[in-house]
Structure formats: structure tokens, C-alpha cells
Amino acid sequence: MSRVLVLEPSRSTAMFIQANLNKAGFVCDHASTYEKAQKLIAANDYFVGLSSMVLDGVEYGMGINLLLDHRIPAIAVTASLDDHVLDTLSKKNIVDYVLKKSDQTDYIARIVNRVHRNRGLKVLIVDDSSAVRDWISQILIRQGLTVLRAADGHEACKVFYQNNDIKLVLTDYAMPEMDGLRLTAQLRSIKSMDELGIIVLSSDTKSRTAPLFLKQGANDYIQKKASVEEILCRVNSNLEILELLEDSRNRANKDFLTGVWNRRYFFEYGVPLYEQSQLGGPEFSVGMLDIDHFKKINDNYGHDAGDEVLKKFSELLVGYVGEGGVVCRFGGEEFAILLDEVEADELVGFLEDFRALTEGFSVKFKDQIINFTVSIGATANMDSSLTAMVSRADEKLYEVKRSGRNKVLCDW
């Protein structure tokens, strides 16, 4: 459960903030005093906290200090932004600050959501200056991001290959061994602009430098003299754009009900893999799976129960296949798997184990227990195309159905 601590003396302000955060899906605890906040922190885990700069009975900014002392990312809530306030805030490692105004509540929810989504996101900082690496790292770590570092382009490539889930790269331009421009080109040849964000952070002031990087595939270009606020805004903006693009891809490529990949993605992923195999790359297997007598499940238990069976079966299949392949729903009760880490001579045993696992599996829906079995057809024959492999596996699946179901048949 994702909990947020709101440290605010005004009950009406706190309720307004809480209502917006609750609407965004977060659980909020309210502390009106420093002492109550201490007790709540001792009893709960918070991934982020918001605190008023002014609290009764304690010095200015002590609420922020309390959060930071307990390693809770802190957002300052202030009634004004005069020079004194800005000077105080600039000396604290806070996530951000917001004005105590009603029109800021949406921004508060956006910041909190950003910190929440940052957890586990990897960012790579590339700069030959250790001082700059440390400075940027400190800025990003307080946002909840996981930060990796490299001193030049070559080292960055090594780190990148070891961490394929890096979401954003911030790179300098002038570096020994491999500069930022060559690094940008190298990374962009591996991942597209909607998969990996690249922000150039450079002290180069030449007017032609930014276009050079942008044409090479960088998502953004920032001068090193930019304020911390500008850097954070650019980083957050790029992360949000990447997430919107990822959400869009998922809507296009994932099955709405089960969350597994759909037929479109199966071929989008599998065709290049097949083409690589024809050029000497690794071979793979294709399996077609069908839940036996699924219509009877719908007829006997209802369509909601049938949907629950599909979801639980998907979870079982995804968990079993793991990182060794791709699971897709082709439609109805039919699923396809592409296995690229199962050897051909191990295929029957691998699928037979899953068939047995399904036979012993049950789904609880309301007060009913639903048992079912699965029929599986598969092929390890690389044939003439991926479509032909799917057809071969489909033929074996229908042989299983004609011979009584709840079996595995493979074509070599």
C-alpha cells in the first residue's frame, strides 16, 4: 500500500490535499503537529511526505527536516515564496515545493505520482567530472530514482548493456574516449526515442551543438548552468512522455482482460526473431494452448467466472514461462507462447509439466471452485515462416482436441 504523510496544521488545507491524493489512488495520513508526525512515522512506512514550512511549537522548516531525517522524500508546502523561503528551500534536499493554494492541488498529485512511479526507474549519468556526476545524482536520487554513473561514453555503454532497463540517460558532450554525440548515436541504434530518453547536459554554448544532438536522436538539450528546478522539470517531463508512449504501446499490444500480450505483439516480436534465426541466430519453439471446454465454464458459472478463469490461467502461464518466452492471448480461450530458452528436446517435458500443473490448478470464484484442463500443440520446426510455425502448432492442438483433450502434442 502506497502511503503519503501530510504534515499540515490547517485541517481544511490537509483535507483538500488528501482528497486529491486519495482520488489519485494514494492512502494519506494527516498529522497536524510535529509530535503526531513523529508517531505516525514510527508506525508506518511512507514513500513521500508533504509538510508545511510553519508548524506550531517548532522552528521554521522542522517538518521538512523530520521527513528528511527519516529518509522520506519531502515536498515543502509554503504560503509564500519570498527570498527567505527560497533560500531556505534551496539548502534542503527536497523533491519540490508548492504554494499553499487551491489551484496547486493537481500539481501536488502530479509530483506525488511522479515520485511513486520513479521507484525502480534507472537513470544513467555520464560525465567525466565526478563533481558533476555527484551533483546530478543528488538531484535525481531525491526524486526516488535509481542512479547509475559512468565517466565517459565507453563506460556508459558497458553499464547500459548490463542494465537493459535504463529509462533515461543524462550525458555530457565533451568527454574522453567516447563523447556524448557518439554515445547518443550508439544508444539510439539500440533503443528508439519512445523507449529510451536521452538528455544532453552540456556547458557548450555554441548555437549549433543542440541541433547536432537532437538530429542524432537526443530527446532534450540543457545547459549545465540551468537551475536545479529546470533540470528537474525537463527530467520529469521526459519521463512522463516516455510513460505515455509506453502506455499507448501497451494499449495497442496487450490484451485488455488478462494483461498479457496480444496476437499483434506476438508477430511484431516474433517475426524479427524468426528472421534472425534464419541468419544463424537462436531457434525457438511455438506453442498453442486452449482451455478445454471453456464454453461450459461460461454456461455453468457465468461469463464473469469465465473471465476470472482466463485471468488466473494467464497468470499461471506467465509465471511458468517466466523470462524464457512470450505469452500472448490470441482470442477467446486460445493462447500462444514463443519459447526462446527451451531446447527442442526439452519442449515436450516442459509443456507436459505445465499441462499437469494446470490440471491440479483451480480458480475460486465467489463460493465456487472451478477446475479445468488445457490442450497444447507445439512445434520446434522452424519451417518457412513464423505464420507457418503457428499453423503447425495449431494443427497439433486440433489433433489433441480430436483425441480427447488435456494432452500435449509436438511437431519436430
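Positions in the sequence shown are counted from 1; adding 369 to them yields this note's numbering.
Glycine residues also receive a C-beta, built at the ideal position from the N, C-alpha and C atoms.
Model, not experiment: these values are computed from the prediction.
- Secondary structure within the segment 709-758: the beta strand (DSSP E) runs of 3 or more consecutive residues, fully enclosed, are 731-734, 737-740 and 743-748 (chain order).
- S617: member of the alpha helix (DSSP H) spanning V597 to N622, first to last residue.
- Only residues of its own chain outside the window of five on either side were considered, and among them F682, L685, F741, T742 and V743 have a CB closer than 8 angstroms to the CB of T727, listed in chain order.
- Inclusion of N605 and R771 in the CB contact set at 8 angstroms is not warranted, their separation being larger than that value.
- Cβ contact annotation for E768 (same chain, cutoff 6 angstroms, sequence separation greater than five): L778, in chain order.
- In this structure, the CA atom of G694 is about 12 angstroms from the CA atom of E712.
- A distance below 7 angstroms between beta-carbons, with the five flanking residues on each side excluded, links K491 to the following residues of its chain, in chain order: T515, L517, N532, D534, I535 and K536.
- Annotation: the segment 387-446 contains the following complete segments of the alpha helix (DSSP H) (minimum length 4 residues), in chain order: 403-412 and 431-438.
- In this structure, DSSP gives K491 an extended state, which the three-state scheme calls strand.
- Contact between V417 and V464 holds, with the beta-carbon distance rounding to 7 angstroms and staying under 8 angstroms.
- When DSSP states are grouped into helix, strand and coil, I591 belongs to the strand group.
- Under a 10 Å Cβ-count criterion, Y429 is classified as exposed, with fewer than 16 other Cβ atoms of the shown protein chains found around its own Cβ.
- R518 is bridged by DSSP to I494.
- Bounds of the alpha helix (DSSP H) holding R557 are G549 to R557.
- Note: D780 is bridge-paired with T748 in the DSSP secondary-structure output.
- Note that the C-beta distance between L374 and A412 is not below 8 angstroms.
- Just so you know, the alpha carbons of G513 and I494 end up roughly 15 angstroms apart.
- Rounded to whole angstroms, D438 and S571 show a C-alpha spacing of 33 angstroms.
- Look at the beta carbons and you see the segment 633-649 not touching the segment 560-574: under three pairs across the two are nearer than 8 angstroms.
- For Y542, the three-state secondary structure derived from DSSP is coil.
- Note that the segment 716-726 does not touch the segment 618-634; fewer than 3 beta-carbon pairs, one per stretch, sit closer than 8 angstroms.
- Secondary structure of R698 (DSSP, three-state): strand.
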